[in-house]
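What follows is a single structure, written as structure tokens, with notes after it.
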Amino acid sequence: MNDSAAKKKFQALNAPKGVQEYFPPNSHEFLAIREAFTRAAHQAGYEHIELPIFEDTNLFARGVGESTDVVSKEMYTFADRGGRSVTLRPEGTAGVIRSVIEHNLDRGQLPVKLVYAGPFFRYERPQAGRYRQLQQVGVEAVGVDDPYLDAEVIALADRCYRTVGLTGQRLELTSLGDGSDRPAYRAKLQEFLHTLPLDEETARRADLNPLRVLDDKRPEMQDMLADAPLMLDHLSDSSHEHFETVTGMLDDLGVEYVINPRMVRGLDYYTKTCFEFVHDGLGAQSGIGGGGRYDGLMAQLGGQDLSGIGFGLGVDRTLLALQAEGKSASDARRVDVYGVALGSEAKSRMARLVNELRAAGISVDMSYGDRGLKGAMKGADRAGAKFALVMGESELEAGNVALKDLAAHEQRNIALDAVVAELSNTLQ
Ligand code: HAM
Numbered sequence: 001m002n003d004s005a006a007k008k009k010f011q012a013l014n015a016p017k018g019v020q021e022y023f024p025p026n027s028h029e030f031l032a033i034r035e036a037f038t039r040a041a042h043q044a045g046y047e048h049i050e051l052p053i054f055e056d057t058n059l060f061a062r063g064v065g066e067s068t069d070v071v072s073k074e075m076y077t078f079a080d081r082g083g084r085s086v087t088l089r090p091e092g093t094a095g096v097i098r099s100v101i102e103h104n105l106d107r108g109q110l111p112v113k114l115v116y117a118g119p120f121f122r123y124e125r126p127q128a129g130r131y132r133q134l135q136q137v138g139v140e141a142v143g144v145d146d147p148y149l150d151a152e153v154i155a156l157a158d159r160c161y162r163t164v165g166l167t168g169q170r171l172e173l174t175s176l177g178d179g180s181d182r183p184a185y186r187a188k189l190q191e192f193l194h195t196l197p198l199d200e201e202t203a204r205r206a207d208l209n210p211l212r213v214l215d216d217k218r219p220e221m222q223d224m225l226a227d228a229p230l231m232l233d234h235l236s237d238s239s240h241e242h243f244e245t246v247t248g249m250l251d252d253l254g255v256e257y258v259i260n261p262r263m264v265r266g267l268d269y270y271t272k273t274c275f276e277f278v279h280d281g282l283g284a285q286s287g288i289g290g291g292g293r294y295d296g297l298m299a300q301l302g303g304q305d306l307s308g309i310g311f312g313l314g315v316d317r318t319l320l321a322l323q324a325e326g327k328s329a330s331d332a333r334r335v336d337v338y339g340v341a342l343g344s345e346a347k348s349r350m351a352r353l354v355n356e357l358r359a360a361g362i363s364v365d366m367s368y369g370d371r372g373l374k375g376a377m378k379g380a381d382r383a384g385a386k387f388a389l390v391m392g393e394s395e396l397e398a399g400n401v402a403l404k405d406l407a408a409h410e411q412r413n414i415a416l417d418a419v420v421a422e423l424s425n426t427l428q
């Protein structure tokens, strides 16, 4: 092996570009957010669903829409060793509906209420808050077209952010109409767009997916689009009534929102109610979560013609938003109790005590290696422990242990066989 080949072989490796990793102490925050979101969903009657990380590529082409950026530009698609085209899931809704259909979950009590959490993959240009492996907690309520359910889902998303202490989010809301009013609106919008001097690519988009043109962020486009007809002004009576019920219920629930009739979601399945939570502390990637109703998706994936509504909350971006607000979602405490044993005999006795404490449901760690008292106490500090248990030769001989209250700086000796009961009581 020549020099440079040897160097290469032993070079440290990096995680793939655009992939966010969470290690301590940030991983505490990450978990606290994800768990708070899923807990709030469980509390509202949503049950856990664990889905494949990769699916048949057709699922996303059919479910999410071939003209979306997500499908046309951002998918991690590859042939497996059997020659099948599979794709790392870019989002969760299509997979949930596929599973509901495949396992007949929609043949029982409706709505089917499901919650999921995990990584999703989009080959986007990485930047702050925009990752190629992104983390979401999502819910789907499938099988019932009821505006009160829309309000429940939105209020649940709102509660999720509140439970982690976030305050600077803004809920934006609109209606995208349904199968009865959307085609006429689409034609009207196209008619308007054809009067504009559009560049070639935008003109193509206007033919293929005119709603997406409204999302063009270029200032000159935004000027030209100022008078574009808006879906919200062209809703059918039933879509209008649906939307009015949703907003009325949100008012009753005290969930604040602003109507944004120009909202364009990046996925094609949406109908009627659509929403996004934005946070201004994040720069360009301000969307911390979003969702909406999808009337046609289930039928499009080969199931019954049932509607559904759900959301996906970005865990990565919620973490960044909390940091921007100078807040923390987690108690960074690693363990409540930390054992410090000096000498091998004490270490063996401490290891047994630690085991008993864990069996009693107490979080506890202990020092390893041959650190002196000072070094070991630093470990207790770093673990964020409330109590340290210190055992040297003299304690061992006397059959007790020194219990140090690290916040109060107090210390007393207690009998070894009383430790579990004593700490169980104090830490309750
Ligand atoms: P989405 O708006 O594409 O919706 O994604 C939901 C959230 O995921 C976004 O608001 C954002 O916080 C986060 N997110 C998306 N892309 C990235 C990225 N590249 N980096 C970091 N975070 C990102 C959906 O995925 C739908 N499945 C939500 C849904 C469920 N609609 C109905 N049911």
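Note that full-length UniProt numbering has the sequence shown beginning at 1, numbered continuously upward.
For each residue, glycine too, the CB sits at the ideal point set by N, CA and C.
Quick caveat: nothing in here was measured; it's all calculated off a predicted structure.
In the displayed model, Y161 falls within a helix according to three-state DSSP.
Look at E55 here: in three-state DSSP terms it is strand.
Short of 7 angstroms from the beta carbon of A388, and not among the five residues preceding or following it, lie these beta carbons of its own chain, in chain order: Y338, V340, M377, A380, K404, L406. Cβ neighbours of R159 within its own chain (closer than 6 angstroms, five residues either side excluded): A40.
If the five residues before and after R333 are omitted, its C-beta is found closer than 6 angstroms to the C-beta atoms of G384, all from its own chain and listed in chain order.
Fully enclosed alpha helix (DSSP H) runs of no fewer than 4 residues occupy 297-300 of the region 248-300, in order along the chain.
Nearest Cα to D207 within the set L230, P183, K217: P183.
Bounds of the beta strand (DSSP E) holding N413 are 410-415.
Look at G118 here: in three-state DSSP terms it is strand. Relative to the non-hydrogen atoms of the ligand HAM, the Cβ of T273 never comes closer than 6 angstroms to any of them. Look at D178: its beta carbon is at least 6 angstroms from all of the heavy atoms in the ligand HAM. Pairing S348 with S330, the inter-Cα distance amounts to about 33 angstroms. DSSP places Q169 in the strand class (E or B) of the three-state scheme.
Judged by the Cβ position, Q323 fails to qualify as a neighbour of the ligand HAM at the 6 angstroms threshold, every heavy atom of the ligand being at least this far. Under the 10 Å beta carbon count, H242 is surrounded by 16 or more other beta carbons and is classified as buried. R262 has its Cβ no nearer than 6 angstroms to any heavy atom of the ligand HAM.
No Cβ-Cβ contact shorter than 7 angstroms links L156 with R98. Inter-residue distance for T167 and F37 is about 15 angstroms (C-alpha atoms, whole angstroms). Short of 8 angstroms from the beta carbon of L235, and not among the five residues preceding or following it, lie these beta carbons of its own chain, in chain order: S175, G177, D181, F243. Annotation for Y185: the continuous alpha helix (DSSP H) segment containing it runs 182-194. The three-state secondary structure of V144, taken from DSSP, is coil. Between F311 and C274, the alpha-carbon positions lie close to 9 angstroms from each other.
In this structure R122 is buried. Its beta-carbon is surrounded by 16 or more other beta-carbon atoms within 10 angstroms. For the ligand HAM, a non-hydrogen atom lies closer than 6 angstroms to the CB of T93. For P90, the closest alpha carbon among the candidates R204, H240, D69, E356 is that of D69.
Pairing E66 with S85, the inter-Cα distance amounts to about 15 angstroms. The nearest non-hydrogen atom of the ligand HAM is 6 angstroms or more from the C-beta of Q169. Contact check for G308 against V142 passes: the beta carbons are separated by less than 7 angstroms. Around the beta carbon of I259, fewer than 16 other beta carbons sit within 10 angstroms, so the residue counts as exposed.
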